[in-house]
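Comments concern the structure below.
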Amino acid sequence: MQQDELSKQVFAEVMKRLNTSEKNNSPQFSTSPSPMPPEFVGTAIGDTIGLVIANVDPALHQMMKLEKGYNAIGIVGARTGAGPQILAADEAVKASNVKILSIELPRDTKGGAGHGSLIIFGADDVADARNAVEVTLSELNRTMGDVYGNDAGHLEFQYTARANYACQKGFNAPMNKAFGLIVGAPAAIGVLMADVAVKAAQVDVVGYGSPANGGTSYSNEAILMISGDSGAVKQAVIAAREVGLPLLESLGGKAASTTTPYII
Amino acid sequence: MQQDELSKQVFAEVMKRLNTSEKNNSPQFSTSPSPMPPEFVGTAIGDTIGLVIANVDPALHQMMKLEKGYNAIGIVGARTGAGPQILAADEAVKASNVKILSIELPRDTKGGAGHGSLIIFGADDVADARNAVEVTLSELNRTMGDVYGNDAGHLEFQYTARANYACQKGFNAPMNKAFGLIVGAPAAIGVLMADVAVKAAQVDVVGYGSPANGGTSYSNEAILMISGDSGAVKQAVIAAREVGLPLLESLGGKAASTTTPYII
Amino acid sequence: MQQDELSKQVFAEVMKRLNTSEKNNSPQFSTSPSPMPPEFVGTAIGDTIGLVIANVDPALHQMMKLEKGYNAIGIVGARTGAGPQILAADEAVKASNVKILSIELPRDTKGGAGHGSLIIFGADDVADARNAVEVTLSELNRTMGDVYGNDAGHLEFQYTARANYACQKGFNAPMNKAFGLIVGAPAAIGVLMADVAVKAAQVDVVGYGSPANGGTSYSNEAILMISGDSGAVKQAVIAAREVGLPLLESLGGKAASTTTPYII
């Protein structure tokens, strides 16, 4: 966090300098007296970075295929993790006046088996975009809690009692219902966990992803998305976790939580 | 193997416990008295894991887009290797009453240039599915024999005198004919090996894969699949290997066999 | 380079031996008295390798979906880097009588966030193909100069005063105009740099790539391609670099140039 404060100052200095020189040289800036510079909001676990642009350039906005009408955007990107960032963004959407404009999953995790993420919030007001990014970054420690990894792969579990727009956009989750996410890598473990989960409780399967058949960006994961009664969803997720951990550990030894498990 | 035995016991204990608690809580299980729990079959080289599900949940079966009519499935998944697992599965299909339901190639190899794999066998009977998984795991040491790697990339060669359903599904190989697989990473080496192979003997080119033009999941590989007379196929594969090794070694030094070469 | 000379000798020996044995066994070679063997041209930074095939096998040529009429091909492939190799190839196209037949971007960089590359030149004459490969390899040290990396990701910047066929094929760059490339990983940084770049000078946005929305092979990059007046393009690229470096360094510490920056 101290490191982030220092980085913010460095970044602000760069922007101030750029902005001054731009005003002298660029025809684009001569008409708009002082456009707000982009902001560095902070960093979090998983090489996650949060940024804000107050007024996206119109030509770029179009190339990015973003929905029109949102000048301010919040950006959260990470090398490691998609589910944790999306669940964290779901809390941000509940807490801010923003919309999820896009969620993209690169094939990443720095040599691991999964995804990174790029989430873009749209807002009318830059303060709302900044707030959404801040909430997302602050929630990440929690949502990384049921990510378990070792050298052979990883497991991920997410649960929310009320899914909102980020879970809907990212995982096809029905709004305002309990939602659960079960991810296993290598994918074989995810397939078995999926079967255990749907048999453990009465839940609706709302999505399934696998390495080359949709729902992933060619990651080595099988992914189950479930919705339904909150007790049933949690029960299904926990059953999958109980089954998945000894399987992953049979390949690569102890698979510890990335932070602290939150699904209890 | 001892480790696998221990893991099997741990896994069986988890399943027993889950099954008991499920019976008390889940309406789904109340009608079917004692569904068979999923089984952990074992592990093998390449972070390969083998699993069996006796009766896949129907909703999940549909989401997985698996062909209907096979309740029992065998699952083989790996972080490292696709060709070795598919050639091993080809022997399993010959030895068991199973069908290949799907083969998916994640972009993996733990930071390397190639694929991992997810292979699903379908069977009427759980014993057949288990047998197919066991054979696949036991064949892997052999089929990893002509995988050569160093820090700069890898080469892979496979040969079978009689291709069966796994090679057909995975590589478009004609049934019951000799089949050869030639893989080079970085892809440039694979391109050159492909040219050498087809000129070295009279073979049929049945497939070609490259990084972003089909046949791979964006791996850094060029892949040639050849079929024909068994002597010619083997000659082509061996010529490619002779040419590929010094090229890979020019980039990254000595590229040793992963286990013991079998194409001789 | 000394290493490359040794590798060339080893490779030539292998080809001589193969060619002799092939003539005895293969019906294909009996009619054409002495086909030219493929050539190992050399290696360069990024696990880049350069190769030449004088006369690609027709069946393979077709499977590779290469444009007809170019018997000789030059091949440049790399584990790490796409922009650097494409910009280097752009110089090669200017200096040789070759055409760019294909550019493919694997998801690679050896566990990093970006791409590798596979570039194929077509030529009537093998000497032209060889020359193109040699120029590409020799330009790579320069074009790697504005690639900056640390453990958290990388930034890449390219600039050319006159884009040619490689930039056109790879990045949709208008011919003979100044062209700039801006790449940030994790992708969030690339998005912000793109916005800064287009606001810093009057340039045309000719392309945009992001992790799962086109323009990448699921890499964790956002990529901006710009064209226009040479001063403006350079100004935009430099502004993006000034903004991107402190952001990447906020995640992963000092991000040094891979070789020596050339955009000044």
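Sequence order for the protein chains is W, V and S.
Each residue of the first sequence is one higher than the one before, starting from 1 at the first, in UniProt numbering.
Each residue of the second sequence is one higher than the one before, starting from 1 at the first, in UniProt numbering.
Each residue of the third sequence is one higher than the one before, starting from 1 at the first, in UniProt numbering.
For every residue, glycine included, the Cβ atom is placed at its ideal position computed from N, Cα and C.
All values derive from a computational prediction rather than experimental measurement.
Span of the beta strand (DSSP E) around residue i
i	result
Asp204(W)	Asp204 to Gly209
Tyr218(W)	Tyr218(W) -> no beta strand (DSSP E), and no H or E assigned at all.
Thr143(W)	Unbroken run through Thr143(W) is the alpha helix (DSSP H), Val126 to Thr143; no beta strand (DSSP E).
Lys177(V)	Neither: Lys177(V) is in no beta strand (DSSP E) and is coded neither H nor E.
Lys99(S)	Lys99 to Glu104
Ala161(V)	Neither: Ala161(V) is in no beta strand (DSSP E) and is coded neither H nor E.
Ile49(W)	Thr48 to Ile53
Ala123(S)	Ser117 to Ala123
Residue i vs residue j beta-carbon contact at 9 Å
i	j	result
Thr136(W)	Gly74(W)	yes
Gly116(W)	Thr160(W)	no
Asn172(V)	Met64(S)	no
Ala152(W)	Pro106(W)	no
Ser250(S)	Thr143(W)	no
Asp90(V)	Ala166(V)	yes
Ile223(V)	Gly209(V)	yes
Gly149(S)	Gly112(S)	yes
Glu134(S)	Gly83(S)	no
Pro211(V)	Glu104(S)	yes
Gly114(S)	Ile100(S)	no
Host alpha helix (DSSP H) of residue i (start-end)
i	result
Ala240(W)	Ser230 to Gly252
Glu91(W)	Gly83 to Ala95
Val196(V)	Ala187 to Ala200
Ala59(S)	Pro58 to Met63
Tyr70(V)	Note, Tyr70(V): premise wrong, no alpha helix (DSSP H); not H, not E.
Tyr148(W)	No alpha helix (DSSP H) contains Tyr148(W), which is instead part of the beta strand (DSSP E) from Val147 to Asn150.
Gly42(S)	Here Gly42(S) belongs to no alpha helix (DSSP H); instead the beta strand (DSSP E) covers Glu39 to Ala44.
His165(W)	The sequence shown places Tyr at residue 165(W), not His. That run of the alpha helix (DSSP H) goes Tyr165 to Phe171.
Identity of the residue in the options nearest residue i by Cα
i	options	result
Val52(W)	Ser7(W), Asp204(W), Ile120(W) and Val206(W)	Ile120(W)
Thr158(W)	Asp151(W), Val147(W) and Pro37(W)	One detail in the question is off: residue 158(W) reads as Gln in this sequence, not Thr. Taking only the C-alpha atoms, the option nearest Gln158(W) is Val147(W).
Gly244(S)	Phe11(W), Gln3(W), Val93(W) and Met225(W)	Phe11(W)
Pro246(V)	Val56(S), Thr20(S) and Val41(S)	Val41(S)
Ala98(V)	Glu67(V), Lys110(V), Ala82(V) and Gly83(V)	In the sequence as displayed, the identity of residue 98(V) is Val instead of Ala. Comparing Cα-Cα distances from Val98(V) to each of Glu67(V), Lys110(V), Ala82(V) and Gly83(V), the minimum goes to Glu67(V).
Tyr154(V)	Val183(V), Ala132(V) and Asn164(V)	Residue identity check: residue 154(V) is His in the sequence provided, not Tyr. It is Val183(V) whose Cα lies nearest to the Cα of His154(V).
Gly145(W)	Gln9(W), Ile264(W) and Ala54(W)	Ile264(W)
Ala127(S)	Met36(S), Gln202(S) and Thr48(S)	Met36(S)
Arg162(S)	Ala200(S), Ala201(S) and Val233(S)	Val233(S)
Tyr262(S)	Gln2(S), Glu13(S), Asn141(S) and Arg130(S)	Asn141(S)
Asn176(V)	Glu242(V), Asp229(V) and Gly215(V)	Asp229(V)
For residue j and residue i, the rounded distance between their alpha carbons
i	j	result
Val205(V)	Ser227(V)	7 Å
Ala240(S)	Met193(S)	5 Å
Gln28(S)	Glu139(V)	Low confidence applies here, because Gln28(S) scores a pLDDT of 47, under 50, leaving its location unreliable and the question unanswered by this model.
Pro174(W)	Leu87(W)	14 Å
Pro38(V)	Met15(V)	8 Å
Arg17(W)	Val198(S)	17 Å
Ala69(V)	Gly77(V)	Ala is not the amino acid found at residue 69(V); the sequence shown has Gly there. The alpha-carbon atoms of Gly69(V) and Gly77(V) are separated by roughly 22 Å.
Ser30(W)	Thr20(W)	Because the pLDDT at Ser30(W) is just 40, under 50, the model does not fix this residue reliably, and the value given afterwards should be weighed accordingly. Going by the C-alpha atoms only, they are around 11 Å apart.
Val93(W)	Asn164(W)	7 Å
Ser102(S)	Gln168(S)	11 Å
Ala236(W)	Val196(W)	8 Å
Leu118(S)	Ser96(S)	19 Å
Gln9(S)	Gln85(V)	36 Å
Ala132(S)	Ala178(S)	22 Å
Asp4(W)	Lys110(S)	28 Å
Ala54(S)	Val203(S)	41 Å
Ser26(W)	Ser7(W)	Model confidence at Ser26(W) stands at a pLDDT of 48, short of 50, so the residue's coordinates are unreliable; what they give is reported in the following sentence. For Ser26(W) and Ser7(W), the distance between alpha carbons rounds to 27 Å.
Pro33(V)	His61(W)	Residue confidence is low: Pro33(V) scores 45 on pLDDT, short of 50, so the model does not pin down where it sits. Its coordinate-derived value is still stated next. Each residue's Cα considered, the two are about 58 Å apart.
Lys254(S)	Gly231(S)	28 Å
Asp124(V)	Met225(W)	28 Å
residue 340(W)	Val56(S)	Since the displayed chain W opens at 1 and closes at 264, residue 340(W) lies outside it and no answer follows.
Ile238(W)	Ala200(V)	56 Å
Asn71(S)	Gly207(S)	32 Å
Gln2(W)	Leu248(S)	16 Å
Gly170(S)	Glu13(S)	35 Å
(Q) So, does the segment 216 to 226 of chain S touch the segment 250 to 258 of chain S, judging by three or more C-beta pairs under 8 Å? (A) Of all C-beta pairs linking the segment 216 to 226 of chain S to the segment 250 to 258 of chain S, fewer than three are shorter than 8 Å, placing the two stretches out of contact.
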